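Scroll down for the structure; my scribbles are underneath it.
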Amino acid sequence: MSAVAEKAIVGKAVRGKTPAGKAVPTHRQPQLPLRPAGAETVRELLAWYDAERRHLPWRYAPRRKADPYRVWLSEIMLQQTTVKAVIPYFQKFVALWPTVTALAAASQDDVLQQWAGLGYYSRARNLKACADAIVRDFGGVFPSNEKDLRTLPGIGPYTAAAIAAIAFGVRATPVDGNIERVVSRLFAVRQALPKSKPEISRLAATLTPTRRPGDYAQAMMDLGAQVCTPKKPSCLMCPLQQDCAANAQGIAELLPLKAAKTARPTRFGLAYLVLREDGAVLLRRRPNSGLLGGMLEVPSSPWGDTPPIAKDATRSAPVSASWWQVPGDVVHVFTHFRLQCVVHRALVPVDVALTFWADQERCQWVHRRDLNAAGLPSVMRKLVAHGLQDAAFK
DNA sequence: TAGGCGTGGGA
DNA sequence: TTCCCAAGCCT
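All residue numbers for the first sequence refer to my numbering, where the first residue is 4 and numbers rise by one.
Okay, here's the thing in structure tokens:
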């Protein structure tokens, strides 16, 4: 076993997730006749895809080219996001903005409002910036090659290759998490991610066909999502079983190996729910970069590594008022930390003045009945819901 | 290069 | 409860 693989497994074992007996067998020989993955593998894969592919709103029939705008929009939404979560957002966006030109004509705030709840909000900011660039620099027409696509905001190596292959039929090789897993198993790659990425990309590219490269990519992704799954892969139903080195060695479910992850810290915050007598709630626009960039928030203290001191609560409040601490706290889990938040609430008159540190320029009052449509990130919806419990309203 | 960057569902 | 995961990108 390589040092990297060893480290990865040890790392997981230390965290108690992988029983010691689950280490990847090192010298085990293939038990089944193995046909190295190649052109015949791709033929089997495409035949499987023609019969078993998922029917998704952004897809066209096999062998047909799709609308680049819809391919692009779906690929951005699907970054680190499940198909199920994306579908309603995709439908909403193409209904509101059917073309890239229409999207470019929208404001960033409108795009963020519609994106609210889907997460990774830099995608929405880049989506708008990308639409602008395509209208401004490419005459409203998506470029068809990876190099030009890579220059656009929010389009990285994966998305550029996916658009080129799926929308334009270019022989490009997108490699996402699904394809990494499928290729890792097909070729029994024993090096751990992410170090193995270059080798996996190289191997994936050896399979990319000249004809139907987009269907090849989507077929690999569908196979990864439906058959070659992270846990309990359905090897017996896999059209590539006889080409799969990991299956032959009995190690399919153990691959791909991954480097150990770091623990997730807890941060603490204090949110202020300012309730005006006319039923409006005070919200604030966050800075355009960083966590929840550009999104609306409940005015809050900075999030720190220690729980807030009770007596500090009213001192840093956005308005001078009689504050009440709402019982219980709100917990929300982000990618890299866990947020634990206490909510304070106050009822204030309509002519209340904001304190100077409330950042008035970024503040706005939104009536309770309009909160659902306001486009709040999920964590802020939680804070509002928690803070409004038992609140009497007009 | 590794960490920042959301969310909700499932084991 | 806790962890992992889902069509990555940016710095």
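Ideal placement from N, C-alpha and C gives every residue a C-beta, glycine not left out. Here the structure is a predicted model, which is why all the values come from computation and not from measurement.
With a beta-carbon spacing of about 6 Å, Arg126 and Gln82 fall inside the 8 Å limit used to define contacts.
By the CB criterion at 8 Å, Pro212 and Val45 fall inside the cutoff. Around the beta carbon of Met240, fewer than 16 other beta carbons lie within 10 angstroms, which makes this residue exposed.
In the three-state scheme derived from DSSP, where H, G and I count as helix and E and B as strand, Leu210 is classed as helix. Three or more Cβ pairs closer than 8 Å define a contact, and the region 327-343 falls short of that threshold against the region 238-255. Going by beta carbons, Ala207 and Val178 fall inside the 8 Å limit. The Cβ neighbour count for Ile312, taken over all protein chains shown within 10 Å, is under 16; the residue is labelled exposed. Under DSSP, Ser303 takes part in a beta bridge, and its partners are Ala274. By a beta-carbon distance limit of 8 Å, Gly331 does not contact Ser303. Their separation comes to about 17 Å. Annotation: Leu391 to Gly120 spans about 20 Å, alpha carbon to alpha carbon. Residues Leu286 of the same chain have their beta carbon placed closer than 7 Å to that of Gln367, with the five preceding and five following residues left out of the count. Taken atom to atom, the span from the alpha-carbon of Ala132 to that of Phe96 is near 16 Å. Under the three-state reduction of DSSP, Lys261 is assigned to strand. Of the candidates Val284, Ala168 and Ala69, Val284 places its Cα closest to the Cα of Ala349.
Linking Gly122 to Pro380 through their CA atoms gives a straight-line distance of about 7 Å.
Inter-residue distance for Ser199 and Pro71 is about 30 Å (C-alpha atoms, whole angstroms). Remark: C-beta atoms of Gly217 and Ala168 approach each other more closely than 8 Å. Contact check for Arg267 and Pro233: beta-carbon distance about 20 Å, past the 8 Å limit, so the pair fails to qualify. The beta carbons of Trp75 and Phe145 sit about 7 Å from each other, so the pair counts as a contact at 8 Å. Counting along the chain, the unbroken alpha helix (DSSP H) around His389 starts and ends at Ser381 to Gly390.
According to the DSSP assignment, Trp118 belongs to no beta strand (DSSP E) but to the alpha helix (DSSP H) extending over Gln111 to Trp118.
Residue state for Leu243 is assigned as coil, using DSSP reduced to three classes. Annotation for Cys366: the continuous beta strand (DSSP E) segment containing it runs Cys366 to His370.
In this structure, Val301 lies away from Ala324, with their beta-carbon atoms at least 8 Å apart. Contiguous beta strand (DSSP E) elements confined to the region 39-63 do not occur, taking only those with 3 or more residues. When C-alpha distances from Ala249 are compared across Met224, Val192 and Lys264, the shortest belongs to Val192. Nearest neighbour of Trp118 by Cα position, chosen from Ala170, Asp151 and Ser77, turns out to be Ser77. Distance from the CA atom of Val230 to the CA atom of Gly297, rounded to whole angstroms, is 39 Å.
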